[in-house]
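One structure below.
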């Protein structure tokens, strides 16, 4: 089994963090730097998504009008023996802030991102800020599992 490049841990953490940045900044094009173009994803409200453009559309439709703040907490990253694939489980908290008639209301989602990732070759030396990593990492499969949702679900449906 090859040694794991410790900088790949940082690169995987960064790509998962970039997902939260994309959602909170409403920069859904940034998801191209999180997922493979042919990603498969299973979200509780959007199961069986195929492709990054379908994922972008589903997330934009779900969160586009709601301000959010995502936090990542406990995380395990396991690199497979090929050194080119990894599995990550990341706990999250997502705060969703009501807008318009729901101003002042809050919905908090707690759960896990369960991700399978692949290593891609860095193009033109672009290691996405992690010099020394083996390349760039992308999520090719994601499952989102909720532990609990607390608050007013109406803020997600009524704008």
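Numbering (our numbering), first residue to last: 1387 to 1545. The beta carbon of each residue, even a glycine, is placed where N, CA and C say it ideally should be.
Taking the Cα of residue 1469 as reference, the smallest distance to any Cα among 1414, 1506, 1441 and 1421 is reached at 1506.
Boundaries for residue 1466: no alpha helix (DSSP H) harbours it, and the DSSP string shows neither H nor E there. Residue 1422 sits away from residue 1528, with the two beta carbons spaced by 7 Å or more. Of 1438, 1448 and 1413, the smallest CA-CA separation from residue 1542 is found for 1448. Taking residue 1508 as the centre and dropping the five residues before and after it, the same chain places the C-beta of 1521 and 1522 closer than 7 Å to its C-beta, in chain order. The stretch 1411 to 1427 makes contact with the stretch 1439 to 1459: 3 or more CB pairs, one atom from each, lie closer than 8 Å.
For residue 1433, the enclosing beta strand (DSSP E) stretches over residues 1432 to 1436.
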